[in-house]
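To convert, take the position in the sequence shown, counting from 1, and add 49; that gives the numbering used here.
For each residue, glycine too, the CB sits at the ideal point set by N, CA and C.
Bear in mind that the values here come from a model prediction, so they are computed numbers and not experimental data.
First the structure, in the form of C-alpha cells, and then the observations on it.
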Amino acid sequence: MHTKTLSELSNALRTRQCSSRELTGHFLSRLKQHNATLNCCISITEEQALAQAAAADQRIQAGNAEALTGIPLLHKDIFCTQGIKTSCGSKMLDNFIAPYDATVVEKLNAAGMVTLGKTNMDEFAMGSSNETSYYGAVKNPWDLERVPGGSSGGSAAAVAACLAPAATGTDTGGSIRQPAALCGITGLKPTYGRVSRYGMIAFASSLDQGGPMTRTAEDAALLLNCMAGFDPRDSTSVEREVPDYTADLNNGLAGLKMGLPKEYIRTGLSEAMGLNLEAMVLELQKLGVKIKEINLPNTQLAVPVYYVVAPAECSSNLSRFDGVRFGYRCENPKDLADLYQRSRGEGFGAEVKRRIMVGTYALSAGYYDAYYLKAQQIRHLISDDFKQAFQQVDVILAPTSPTTAFKIGEKADDPITMYLSDIYTIAVNLAGLPGMSVPTGQIQGLPVGMQLIGNYFDEARLLNIAHRYQQVTQWHRQVPARFM
Ligand code: GLN
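Structure below.
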C-alpha cells in the first residue's frame with residue numbers, strides 16, 4: 050500500500066479498497082517504525098491525523114469527496130499548523146505552537162487531506178544537507194551515512210522511504226529540487242507568487258516558494274491543484290486562474306523545443322552526471338523533443354548574488370525573533386539588551402547567525418550600494434538571460450545538483466562548498482521561474498535527478514514533460530531496499 054501514488058490511493062479510497070483510517074494508520078505505523086532511523090519528522094501528529102481520517106471517511110461515504118480526500122501527507126515544519134508545534138528546525142521555535150494554519154495547510158485540509166506530522170528541515174530553511182537542523186541531521190534512505198539534501202530533506206527522505214505518499218516543501222534556492230534529486234523523488238518549485246506564502250515562515254521573501262514533493266509528476270499536479278491560487282493575505286501571491294494541472298499531463302511532446310544551457314553542462318559536470326543527462330535527452334528525443342544548446346551567460350553570478358540577497362532578506366525577516374513576542378527567551382536577562390542578545394545568541398544556530406551577520410553587513414549604510422543594490426542589478430541580468438532563452442525554446446533542461454548525496458559531515462565545515470550544491474537551482478529562484486526535479490537514474494546506487502525549468506506560470510508544461518518521461522522510465526518507482 051505504501052508504494053502507491055496519490056492517484057492510485059485516491060482510486061483505492063474511492064472504490065472502498067481501504068478507508069482513510071486504515072491508510073492513515075498504515076503510514077503512522079511506518080513513520081513510528083522508521084523515524085528513529087531517518088530522523089525525518091520533528092512531530093508525528095497521530096491523534097489529529099486519526100480524527101482527520103475519520104472525517105475524511107465520512108466525507109467519502111457521503112459522496113462529496115475530492116480527489117485527495119482521505120490521503121495522508123506530511124508538512125515541512127516551516128508551515129504553520131494550528132495547535133501543532135511549528136519549529137522551522139530551530140531551537141528558537143522549539144516551544145512555538147502555531148495559532149493558525151498556513152494557507153497551504155488550510156487548502157490541503159479543506160481538500161480532506163490528513164496531516165501525519167511535520168518534517169525535519171535545515172534551520173529556517175538555510176542549508177543544503179539538513180545538517181543545520183536543531184533536531185539533528187536527516188539520513189538519506191538510500192544510504193544512511195549520507196545527507197538527504199536540504200532544506201526540505203525530511204520531506205524528501207520520508208517520501209522516498211514511503212513513510213508518506215507526499216509532502217510539502219519550500220524552495221528559496223533549491224530546497225525542493227535538490228533534496229528531491231538526492232532522494233530520488235519528484236519535486237516542483239512553482240513560479241514565485243503561484244502558491245501563497247502566508248503562514249510559511251519567511252527566510253528570503255523575494256525568493257521563497259512552497260511546492261509539492263511526491264513520487265510522480267501526476268501526483269505533483271494533483272497537489273499543486275490544491276496548493277496554488279491567489280491569497281489576499283499574501284501581497285506577493287498572483288491573482289491568476291489556477292488551471293487543472295492534470296489536464297495536459299498526456300499531451301504529446303512532438304516538436305517541443307528544449308534548451309540545454311552550455312554554462313550548466315560544460316562546466317564542472319562529472320562524467321557520470323553528463324552520461325545521465327545524455328540518457329534523459331535520448332528518451333526525450335524519442336518522444337519527439339527537439340534539443341538546442343542555449344546560453345545563460347550570467348550563470349556564474351547566481352550563487353554570489355543569492356548569497357547577498359538571501360542573507361540580506363533573512364537578516365530583516367529574522368529580526369522578529371527577539372525573545373519578547375514568541376519563541377525562545379533566555380533565562381534571567383539582566384536588562385532588555387541582554388534579553389535580545391542572549392535570546393538570539395542561544396536560540397539561533399551557527400549557519401543562521403552567519404547569514405544574519407552577512408545580511409546585516411550587506412544592508413548597512415555605505416555597503417548597501419556596493420552589495421545589495423549591485424546584487425539586485427545582477428539579478429535582473431540573470432532574469433534577462435532566461436527571457437532571451439525562452440524566446441528560442443519552450444523549456445530548459447539542466448542538472449538539479451552537481452553531485453549525488455554526499456556523506457554527513459563531508460561539507461558541514463565548509464560553507465562555500467555547501468553553497469555550491471545549489472549552483473544549478475539558484476538562478477531559477479532569482480528569476481522567479483518554475484523548476485522541477487525528476488528522478489533520472491542512479492550513480493553507484495544513489496539517485497540522480499534532472500531539472501526542467503519553465504517560463505513563468507508554465508508549470509503545466511513541466512508536469513506534462515515529466516509525466517511523459519515517467520511513463521517510459523521507472524526511476525521514480527525505485528524504493529530503497531530496507532523501506533520496501
Ligand atoms: N541551500 C540554499 C541555502 O542554504 C537554499 C535553501 C532553500 O532553498 N531554502 O540557502
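Check, Outcome
"Residue burial classification, Leu422 (beta-carbon count within 10 angstroms, cutoff 16)", "exposed"
"DSSP beta-bridge partners of Phe128", "Met249"
"Cut-off 6 Å between Cβ atoms - residues of its own chain near Glu508, not counting five sequence neighbours on either side", "Pro239 and Pro483"
"Check whether Thr235 and Pro488 have beta carbons under 9 Å apart", "yes"
"Tyr417 versus His429 - alpha carbon distance", "17 Å"
"Own chain residues within Cβ distance below 6 Å of Ile250, not counting five before or after", "Ile127 and Cys137"
"Entirely enclosed alpha helix (DSSP H) segments - the region 442-527, minimum 4 residues", "464-468, 475-480 and 508-521"
"Opposing strand residues paired with Asp150 [DSSP bridges]", "DSSP lists no partner for Asp150."
"Beta-carbon spacing of Ala424, Val477 below 9 Å", "no"
"Own chain residues within Cβ distance below 6 Å of Lys339, not counting five before or after", "Lys306"
"Three-state secondary structure assigned by DSSP to Lys436", "helix"
"CB of Leu157 within 9 Å of CB of Thr164, strictly", "yes"
"When Arg79, Ala61 and Arg243 are compared against Thr118, the one with the closest alpha-carbon", "Ala61"
"Heavy atom of the ligand GLN within 8 Å of Met175 beta-carbon", "yes"
"Distance CB(Ile93)-CB(Leu72) smaller than 9 Å", "no"
"Alpha-carbon spacing of Val528 relative to Val187, whole angstroms", "17 Å"
"Proximity of Leu55 and Leu237 at Cβ, strictly below 9 Å", "no"
"beta-carbon Asn478 near the ligand GLN non-hydrogen atom, thresh 8 Å", "yes"
"For Asn189, the residue or residues it bridges with in DSSP", "Asp192"
"Distance cut-off 8 Å: Gly223 Cβ against heavy atoms of the ligand GLN", "yes"
"Assigned secondary structure, Val407 (DSSP; H/G/I helix, E/B strand, else coil)", "helix"
"Alpha-carbon to alpha-carbon, Gly490 and Asp542", "Residue numbering for the chain in the displayed model covers 50 to 533; residue 542 lies beyond these limits and cannot be assessed."
"The ligand GLN heavy atom lying under 8 Å from the CB of Ile472", "no"
"Pairwise C-alpha distance: Arg65 and Gly112", "12 Å"
"Helix, strand or coil at Ile343 [DSSP, three-state]", "strand"
"Close beta carbons around Val352, own chain, < 8 Å, minus the five adjacent residues each side", "Tyr468, Leu469, Asp471, Ile472 and Ile475"
"Distance, Tyr389 Cα to Pro382 Cα", "9 Å"
"Cα-Cα separation, Ile514 to Ala270", "12 Å"
"Whether Gly242 touches Lys125 by CB criterion (9 Å)", "no"
"For Leu309, three-class secondary structure by DSSP", "strand"
"Within-9 Å CB hit, Ser56 to chain B", "Reference to chain B is not applicable here, since this structure consists of a single protein chain."
"Own chain partners of Tyr313 with C-beta closer than 8 Å, once the 5 adjacent residues on each side are dropped", "Leu345, Thr348, Ala447, Pro448 and Tyr473"
"Unbroken alpha helix (DSSP H) run spanning Leu271, endpoints", "Ala266 to Met276"
"Near the ligand GLN: Tyr355 beta-carbon under 8 Å from a heavy atom", "yes"
"Contacts around Leu495, its chain only, beta-carbon distance under 6 Å, and the 5 residues preceding and following it disregarded", "Trp191, Thr453 and Ala454"
"Cα-Cα separation between Phe370 and Gly376, rounded to whole angstroms", "7 Å"
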